[in-house]
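There are 2 protein chains.
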Amino acid sequence: METPPIASIGALVGEPARALMLDALMDGRALTASELADRAGITRQTASAHLARLTDGGLLSLERQGRHRYFRLGGEEVAAVLESLMLLGERRSSAALARPRSPERCARSCYDHLAGRLGVALLDSLDGQGHIETCGTRLLLSPSGEKLFAQLDIDWRSLQHRRRSFARLCLDWSERRHHLAGALGAALLAHFLENRWLVRSGETRALMPTDRGRRGFGEYFEISV
Amino acid sequence: METPPIASIGALVGEPARALMLDALMDGRALTASELADRAGITRQTASAHLARLTDGGLLSLERQGRHRYFRLGGEEVAAVLESLMLLGERRSSAALARPRSPERCARSCYDHLAGRLGVALLDSLDGQGHIETCGTRLLLSPSGEKLFAQLDIDWRSLQHRRRSFARLCLDWSERRHHLAGALGAALLAHFLENRWLVRSGETRALMPTDRGRRGFGEYFEISV
DNA sequence: ACGATAATTCGATGGAGAACGAATCGTGGA
DNA sequence: TCCACGATTCGTTCTCCATCGAATTATCGT
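In the order they appear, the protein sequences are chains X and R.
Under my numbering, the first residue of the first sequence is numbered 4, with each subsequent residue one higher.
Under my numbering, the first residue of the second sequence is numbered 4, with each subsequent residue one higher.
Rendered as structure tokens:
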């Protein structure tokens with residue numbers, strides 16, 4: 004009896020130390036092998052073996068830079084799997100649901116886009132103001148949406164016609180609602196970070212709004228943070 | 004260092020015998036403990052232990068019927084996780100991609116709705132003929148869609164306002180495109196099976212179109228199977 | 001009431017792999 | 001050139017758990 008593909012991937016995610024490393028990478032940043040070892044609470048040798056298996060299994064991608072090795076998630080599909088696993092994990096352990104005021108539930112990065120209450124509110128805002136339309140099964144910008152993104156100085160045109168999906172919905176594991184993912188979602192989060200509407204909070208995935216961000220979200224999206 | 008929730012779920016899926024059992028349940032049907040043991044190629048005692056862990060972990064739900072124990076997938080979220088795992092698994096092992104003519108790629112059941120080329124074509128048809136609309140982030144039936152479902156004798160009204168999402172998109176792991184899921188997708192597949200447009204093919208997930216089905220898909224959806 | 005079948009529990013065995021210490025490789029800086 | 005530091009490889013130990021045989025419980029049919 005041969006082992007099905009889902010088992011090999013499940014086994015990779017199923018080891019606590021590896022799961023901690025994957026969790027640490029869920030914010031989309033790249034971390035070195037040593038950093039990941041510390042996050043998982045194991046020695047560097049052990050982490051090295053784990054990272055080799057994860058990379059070999061396609062869950063991580065590796066970038067060498069000098070004597071450092073930077074690891075990041077292998078792609079959108081990997082992030083999607085981890086998101087759905089978190090969604091399923093939350094359903095049972097009501098522990099995290101019991102603290103709905105945690106910074107991570109307010110706003111966090113999910114791979115390369117925005118999640119949490121702010122992420123959901125953002126999609127609601129784009130949707131409610133008619134900035135996004137659906138052409139068949141695809142999400143597109145409406146004329147008013149195109150105008151909004153031009154005001155934000157986001158070059159949405161360059162995001163189209165790429166292999167990656169322009170815009171898609173991602174189910175938020177903490178809010179149980181959709182937020183915006185895909186190239187457009189990634190561009191938005193990048194914009195928020197570049198312009199310091201949001202700043203990363205230490206080593207967690209949490210994102211804290213700045214005063215400038217509060218003004219921006221109110222002005223452009225009618226969201227009061 | 005505590006084990007994160009995703010690790011416990013990953014470990015459940017990561018065992019080959021358990022993965023085979025989950026895979027066997029992906030068609031949405033309920034199977035007995037003995038049937039699952041045979042599918043996984045293990046003894047009943049071992050299967051019993053595995054099934055207890057899967058049920059305890061929320062991946063399976065259990066229904067007692069006399070001296071039989073019927074197991075089925077724990078819910079839509081579980082099916083979603085397994086689907087995304089398959090999607091990720093296919094990306095690496097090009098083995099299955101090399102045989103695009105397999106019956107399972109033509110048409111199969113994905114939890115409780117239709118997947119494969121036929122599932123994708125069905126969504127394309129509904130979409131292309133304007134039978135479905137998107138109200139914000141939700142999928143809804145258009146007036147013409149309501150009419151079509153009435154012709155098919157599917158009581159779509161009773162599917163609304165339930166806890167389960169009325170209609171949603173599910174990413175097809177073999178076609179890399181969306182097909183229709185949610186309550187509406189489940190009702191459609193149920194209709195196809197009840198009216199024998201499609202019949203199950205042995206113990207696999209594959210679905211074979213009948214002559215009546217070929218006529219029906221052509222007449223109502225303009226799909227030539 | 002009594003066998004027959006489904007399923008579970010218990011106990012023992014074995015193997016896979018996670019962990020770490022020590023040594024080695026590779027790159028960058030002085 | 002030599003040292004410092006990040007990362008890997010090797011060998012060993014040890015824990016976890018999948019597996020099965022045997023016995024037990026539960027339910028159906030007669």
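Backbone N, C-alpha and C define an ideal beta-carbon position, used for all residues, glycine too.
None of the values given here were measured: they were computed from a predicted structure.
Return the residue from the list the options that minimises the CA-CA distance to residue i.
i	options	result
R:R72	R:L129, R:L34 and R:L142	R:L34
R:A186	R:D158, R:W176 and R:L210	R:D158
X:A22	R:A36, R:M4 and R:R167	R:M4
X:L210	X:L117, X:G69, X:M24 and X:R95	X:L117
R:G77	R:R180, R:L54, R:A50 and R:G119	R:L54
R:S168	X:R180, X:L162, X:A170 and X:H164	X:R180
R:E206	R:G119, R:L39, R:A20 and R:P7	R:L39
R:D130	X:C138, X:R95, X:Q132 and X:G131	X:C138
R:T49	R:A36, R:T58 and R:G61	R:A36
R:Q163	R:E178, R:F195, R:A189 and R:E80	R:A189
X:W176	X:E225, X:G60 and X:V84	X:V84
R:C113	R:L183, R:R199 and R:G133	R:L183
R:F220	R:L192, R:S204 and R:R165	R:L192
X:R171	X:A20, X:E79 and X:S128	X:E79
X:R95	R:V228, R:S145 and R:P8	R:P8
R:L229	R:I12, R:L126, R:L155 and R:L151	The structure shown has nothing for residue 229 of chain R, since chain R only spans 4 to 228.
Does residue i have its Cβ less than 8 angstroms from a Cβ in chain X?
i	result
R:P2	Since the displayed chain R opens at 4 and closes at 228, residue 2 of chain R lies outside it and no answer follows.
R:T46	no
R:I226	no
R:V202	no
R:E80	yes
Contact check, residue i vs residue j under 8 angstroms by CB: the rounded distance?
i	j	result
X:L15	X:R56	6 angstroms
R:L30	R:R208	The sequence given here places Asp at residue 30 of chain R; Leu does not occur at that position. Yes, R:D30 and R:R208 are in contact; Cβ-Cβ is about 4 angstroms, under 8 angstroms.
R:G17	X:G17	4 angstroms
What three-state label does DSSP hand residue i in the structure shown?
i	result
R:M4	coil
X:Y73	strand
X:R218	helix
X:I9	helix
R:V228	coil
R:L144	strand
R:A33	coil
R:R180	coil
R:L151	helix
X:R208	coil
R:R108	helix
Check for me: the beta strand (DSSP E) holding residue i runs from which residue to which?
i	result
R:R67	L63 to Q68
R:S37	No beta strand (DSSP E) holds R:S37; the alpha helix (DSSP H) holding it covers A36 to A43.
X:R160	X:R160 -> no beta strand (DSSP E), and no H or E assigned at all.
R:E197	Per DSSP, R:E197 belongs to no beta strand (DSSP E); it is in the alpha helix (DSSP H), G185 to E197.
X:R111	R111 to C113
R:T137	I135 to C138
How about residue i: is its C-beta nearer than 8 angstroms to some C-beta of chain R?
i	result
X:L76	no
X:M24	no
X:E107	no
X:P146	no
X:I157	no
X:E18	yes
Would you kindly report the start and end of the unbroken alpha helix (DSSP H) that includes residue i?
i	result
R:R47	R47 to D59
X:V84	E79 to R95
X:A22	P19 to L28
X:R165	Element bounds for X:R165: n/a, residue is neither H nor E.
X:R120	G119 to G131
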